[in-house]
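Data block below; observations after.
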Amino acid sequence: MSEQPLLNVSDDRLGKVEIAPEVIEVIAGIAATEVDGLYAMRGNFASGVAERFGKKAHSKGVKVELTDNGILIDLFVILNFGVSIPMVAQMLQTNIRQTLKNMTALEIDEINVHVVGIQMEGTDDVDE
Numbered sequence: 231m232s233e234q235p236l237l238n239v240s241d242d243r244l245g246k247v248e249i250a251p252e253v254i255e256v257i258a259g260i261a262a263t264e265v266d267g268l269y270a271m272r273g274n275f276a277s278g279v280a281e282r283f284g285k286k287a288h289s290k291g292v293k294v295e296l297t298d299n300g301i302l303i304d305l306f307v308i309l310n311f312g313v314s315i316p317m318v319a320q321m322l323q324t325n326i327r328q329t330l331k332n333m334t335a336l337e338i339d340e341i342n343v344h345v346v347g348i349q350m351e352g353t354d355d356v357d358e
C-alpha cells in the first residue's frame, strides 16, 4: 500500500466510503487507453517486468497525488506519429475527468499530460 492516505468520499449515517489513490490510478489508466492516438503509457521497470509475466499494469504511466488543493494526476504517455498532440492531450484529460466523475463522483483539480515519446509507424520497440 502506498504512503498516501485514503480519500474520504462520503461519511453519513450508513458508514463511510474511502478510495485508495491506487484505484484512481487504475481508473485513469484504463480511461486513457480508450483515447485514439495513444500508443502506450510509460511505466517504470517494475511494471515492465510484471507485463512480461502476463500481468496487466493498468496504472502504468499514471501518478496520483492528493494535496490540500485537490487531486493531481500526471500522465506519462507515448503518442502515435502524426496525431495532433494538443488534441490527443485534451481528449485524454476530458475522458479521464468524465470517467472518474462517473465512477467516483470526485472532482479532479489537475490532469497533467507529459508526452515522453512518439511511436513511429511500422516500428515496434521490444526493448522499451
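Numbering (our numbering), first residue to last: 231 to 358.
C-beta: ideal position from N, C-alpha, C; glycine also.
Computed from a prediction, not measured in an experiment: that's the story for all the values here.
According to the Cβ coordinates, are residue i and residue j closer than 8 Å?
| i | j | result |
| --- | --- | --- |
| M271 | V292 | yes |
| I301 | I254 | yes |
Going straight from the alpha carbon of residue i to that of residue j, what length do you get?
| i | j | result |
| --- | --- | --- |
| V345 | L244 | 43 Å |
| E337 | Q349 | 32 Å |
| F311 | M317 | 13 Å |
| V343 | A319 | 6 Å |
| S289 | L309 | 17 Å |
| L296 | V247 | 16 Å |
| G259 | E351 | 23 Å |
| G347 | P235 | 32 Å |
| M360 | V294 | Nothing can be reported for residue 360, as the shown portion of the chain is limited to 231 through 358. |
| V265 | I303 | 17 Å |
| K331 | V313 | 27 Å |
| P251 | D242 | 21 Å |
| S240 | Y269 | 36 Å |
Among the options, whose alpha-carbon lies nearest the alpha-carbon of residue i?
| i | options | result |
| --- | --- | --- |
| N238 | E351, A335, E255 | A335 |
| N299 | E255, E340, V247 | E340 |
| L305 | S314, V313, T324 | T324 |
| I257 | G347, L268, T329 | T329 |
| I326 | A261, S240, E252 | A261 |
| T263 | V307, S240, I303, P251 | V307 |
| I315 | D242, G267, E252 | G267 |
Is residue i close to chain B? Criterion is C-beta to C-beta, closer than 8 Å.
| i | result |
| --- | --- |
| S289 | Absent from the structure: chain B. Only one protein chain is present. |
For this session: Note down, one range per segment and in chain order, each beta strand (DSSP E) of at least 3 residues found wholly within the region 294-343.
Result: 301-310
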